[in-house]
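Single-structure report; data block below.
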Amino acid sequence: MQMFRNLALASTVFTLSLAPVQAQTAASETYTPSVGQSGKDVVWVPTHQDLVDRMLAMANVNENDYVIDLGSGDGRTVISVAKLGARAHGIEYNPDLVALSQRNAQAAGVADRATFVEGDIFESDFSGASVITLFLLPELNERLRPILLNMKPGTRVVSNSFDMGDWKADGHVRVEGDCKSWCQAYKWVIPAKVAGEWTVGDGKLSLSQQYQMLSGILTIDGAAHPISDAKVEGTAISFLANGTRYTGSINGEQISGTTASGANWTANRSAG
Ligand SMILES: C[S@@+](CC[C@H](N)C(=O)[O-])C[C@H]1O[C@@H](n2cnc3c(N)ncnc32)[C@H](O)[C@@H]1O
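In the numbering used here, each number is its position in the sequence shown, counted from 1, plus 1.
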């Protein structure tokens, strides 16, 4: 990561000293970015195509998805999504990279599904995405974390190389072969918010939540059973209580599902 930051510093000096030359080149159709060139909050380093493909596979991107790449660089992730038949959008601060991405999308024949906008990710609305991709820095990921956690449950987030602090990943991949640096990625699935009190028949379920991890107590027939191995993935909930595995689907104020023995169970969020 230090290399990532050093690259940023070196490129700032380089960029300042060559500013007029770069301005000329940038205006042309032959603009070629250089790896490590400065960006608003992070330098441009492209994700290796092998990792792009693995990230999209890890996020199960399909033609119903709308993928937004935060800091979209030369557009390779957005264009790769469009080639899969899905819609994708890139938000990129550098206008030259935006124009380059648009040319690349045209050349790939996917400009109808791959769009780009010049903008600051911290001032943009990306709430409509079903998948978010990023390759930023740990502190930028953590700045985005509360916004991401407010997205629709089930939204997938995939990050090249950098994690989300104490929000543990739901998945991880590493590519080898041609990829020599920045070759791993993490995935998270935005969890539904389930913390609080629920009634389960005559009993109750009391849940505490930290990101996708749950703890709590299931009280049935007056006996309190701590829950364990408890998790929310999107709108799917699973926990173990009193030796029984409960799985279910969260739909707003109701959870419905089955136990491992096939019995149906329903929980309703308690008023107040
Ligand atoms: C490490 S590169 C990743 C590019 C691309 N996502 C990829 O994986 O190939 C980060 C990109 O974020 C852009 N960027 C930096 N700060 C930004 C900001 N605040 N808003 C939008 N883009 C930003 C940079 O210009 C750069 O293109």
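Glycine included, each C-beta is placed from N, C-alpha and C at the ideal position.
Start-to-end residues for the alpha helix (DSSP H) that takes in residue i
{"i": "T78", "result": "R77 to K84"}
{"i": "P147", "result": "P139 to L150"}
{"i": "V53", "result": "Q50 to M59"}
{"i": "N243", "result": "Taken as a continuous stretch (DSSP letters only), N243 belongs to no alpha helix (DSSP H), as it is neither H nor E."}
{"i": "V99", "result": "P96 to A109"}
Beta carbon of residue i nearer than 9 angstroms to that of residue j
{"i": "A237", "j": "L215", "result": "no"}
{"i": "V99", "j": "V118", "result": "yes"}
{"i": "V195", "j": "V233", "result": "yes"}
{"i": "N217", "j": "A193", "result": "Note that residue 217 corresponds to Gly in the displayed sequence, not to Asn. Result no, Cβ atoms of G217 and A193 do not sit closer than 9 angstroms."}
{"i": "Q213", "j": "K169", "result": "yes"}
{"i": "G197", "j": "R77", "result": "no"}
{"i": "L52", "j": "V132", "result": "no"}
{"i": "L135", "j": "V159", "result": "yes"}
{"i": "L208", "j": "A242", "result": "no"}
{"i": "D97", "j": "K41", "result": "no"}
{"i": "A89", "j": "A109", "result": "no"}
{"i": "S257", "j": "G249", "result": "yes"}
{"i": "L101", "j": "P34", "result": "yes"}
{"i": "N105", "j": "D66", "result": "no"}
Where the beta strand (DSSP E) through residue i begins and ends
{"i": "P192", "result": "No beta strand (DSSP E) holds P192; DSSP gives it neither H nor E."}
{"i": "Q255", "result": "Q255 to T260"}
{"i": "V62", "result": "Element bounds for V62: n/a, residue is neither H nor E."}
{"i": "V174", "result": "G172 to R175"}
{"i": "E119", "result": "A115 to E119"}
Nearest residue (CA-CA) to residue i, options the options
{"i": "D171", "options": "K181, M59 and V44", "result": "M59"}
{"i": "A190", "options": "A109, G86 and L149", "result": "Per the sequence shown, the amino acid found at residue 190 is Val instead of Ala. Cα-wise, what sits closest to V190 is L149."}
{"i": "S73", "options": "L206, N243, A87 and N161", "result": "N161"}
{"i": "T245", "options": "G253, N265, Q255 and I256", "result": "N265"}
{"i": "F127", "options": "D70, P47, R55 and K41", "result": "D70"}
{"i": "G253", "options": "I122, Q185, T267 and I228", "result": "T267"}
{"i": "A130", "options": "A186, A87, L141 and Q38", "result": "A87"}
{"i": "C184", "options": "R55, V43, A261 and N151", "result": "R55"}
{"i": "I278", "options": "D42, E177, G249 and D113", "result": "As displayed, the chain neither begins before 2 nor continues past 273, which places residue 278 out of reach and without an answer."}
{"i": "E143", "options": "F123, M165 and M152", "result": "M165"}
{"i": "D222", "options": "Q211, L206 and N63", "result": "L206"}
{"i": "L57", "options": "V36, L85, S39 and K181", "result": "L85"}
{"i": "F163", "options": "E177, P147 and Y187", "result": "Y187"}
{"i": "K181", "options": "V43, Y32 and P47", "result": "P47"}
{"i": "V176", "options": "A224, G91, L141 and H49", "result": "H49"}
{"i": "T260", "options": "I251, S239 and N61", "result": "S239"}
{"i": "G91", "options": "N105, P34 and A115", "result": "A115"}
{"i": "S125", "options": "L145, E30 and I228", "result": "L145"}
{"i": "Q1", "options": "V44, A106 and D167", "result": "The chain is shown only over 2 to 273; residue 1 falls outside these bounds and no answer can be derived."}
{"i": "N95", "options": "D179, V43, E140 and Q107", "result": "V43"}
{"i": "N151", "options": "E140, V36 and G235", "result": "G235"}
{"i": "R157", "options": "V62, W45 and S39", "result": "V62"}
{"i": "G37", "options": "L137, Y247, I228 and G178", "result": "L137"}
{"i": "I251", "options": "W199, E30, F123 and T31", "result": "W199"}
Per DSSP, the bridge partner or partners of residue i
{"i": "M214", "result": "Q211 and K232"}
{"i": "S160", "result": "L135 and Y187"}
{"i": "D70", "result": "G91 and T134"}
{"i": "W199", "result": "L206 and R270"}
{"i": "G249", "result": "I238 and G258"}
{"i": "I221", "result": "A224"}
{"i": "W168", "result": "M165"}
Any C-beta of chain D under 9 angstroms from that of residue i
{"i": "N265", "result": "Considering every chain present, this structure includes no chain D. It has just one protein chain."}
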